[in-house]
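Remarks on the structure that follows.
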Amino acid sequence: MPHQDGPAYFPVVAIISLMSPLVIDFTSHQRLRKLNPDEVTTQESEVICEKNGDPKDCSLLLMPFSLIIFKDEAYSDYLHGIQDSQLHSLKKVVNISKCPEFKQTNTSPEEIETSDIEQSNVFRTTNTRISLTCRLVLKVHKNLIKF
199 MPHQDGPAYF
209 PVVAIISLMS
219 PLVIDFTSHQ
229 RLRKLNPDEV
239 TTQESEVICE
249 KNGDPKDCSL
259 LLMPFSLIIF
269 KDEAYSDYLH
279 GIQDSQLHSL
289 KKVVNISKCP
299 EFKQTNTSPE
309 EIETSDIEQS
319 NVFRTTNTRI
329 SLTCRLVLKV
339 HKNLIKF
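Just so we're aligned: the sequence shown equals residues 199 to 345 in the numbering used here.
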């Protein structure tokens, strides 16, 4: 489910992906979609908008044992999430060409003729997905947990 981490966290997130490839989606925050182009500075516009004026939505493919760290605009201006599904769309994945080992990982002996990932734009996870999310809490209240 797409979400944004709350203000209690330092604006950096690190995710370690284990066992199965996964797709993490970045969706522009609703406040960016409502922006009037005249209200945005040129520098902000270059960061958050494509040439057509729409915020960029994208996905990243995370291979097993990979690490992603996101901060700045990726942290503050986008929601992030991983679908709870065995099928993952590759349509918005921007780094598929950087993951040549993905094709081999995603091929099973039964699917030799149907393993053309680029044409199907979908892959099925075959292993349990485990990911570790690391966040830094800015301030911890004393006596928050009482025994």
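A virtual CB, placed ideally from N, CA and C, is assigned to each residue, including glycine. This one's a predicted model, so the numbers in the text were calculated from it and none came from an experiment.
Item	Value
Quick check on the DSSP output: the beta strand (DSSP E) that includes K257 runs from which residue to which?	Reading off the sequence shown, one finds Ser at residue 257, where the question assumed Lys. S257 -> beta strand (DSSP E) spans C256 to L260.
What is the rounded straight-line gap between the Cα of L288 and the Cα of N319?	5 Å
Counting only the same chain and skipping the five closest in sequence on each side, list residues whose C-beta sits under 7 Å from that of N325.	M217 and S218
May I ask you to report which of helix, strand or coil DSSP gives S329?	strand
By the three-class DSSP mapping on this structure, what secondary structure does K269 have?	strand
Could you give the C-beta distance for L260 and S295, rounded to a whole number, given that I count them as a contact under 8 Å?	So it is not a contact: roughly 15 Å between Cβ atoms.
Among the candidates K254, H227, T323 and V210, whose CA atom is the shortest distance from the CA of L334?	V210
To the nearest whole angstrom, what separates the beta carbons of L220 and R327, a pair I think is in contact under 8 Å?	5 Å
Exposed or buried, what is I213 when buried is set at 16 or more other beta-carbons lying within 10 Å of its beta-carbon?	buried
Going by DSSP in three states, K337 sits in which element: helix, strand or coil?	coil
Which residues does DSSP list as the beta-bridge partners of A206?	A206 is not bridged to any residue.
Beta carbon of L159, beta carbon of F208: below 7 Å?	The question about residue 159 has no answer here: the residues shown for the chain are numbered 199 through 345.
So I267 and I222 are supposed to be a Cβ contact under 8 Å. How far apart are they, rounded?	That pair is no contact at about 12 Å.
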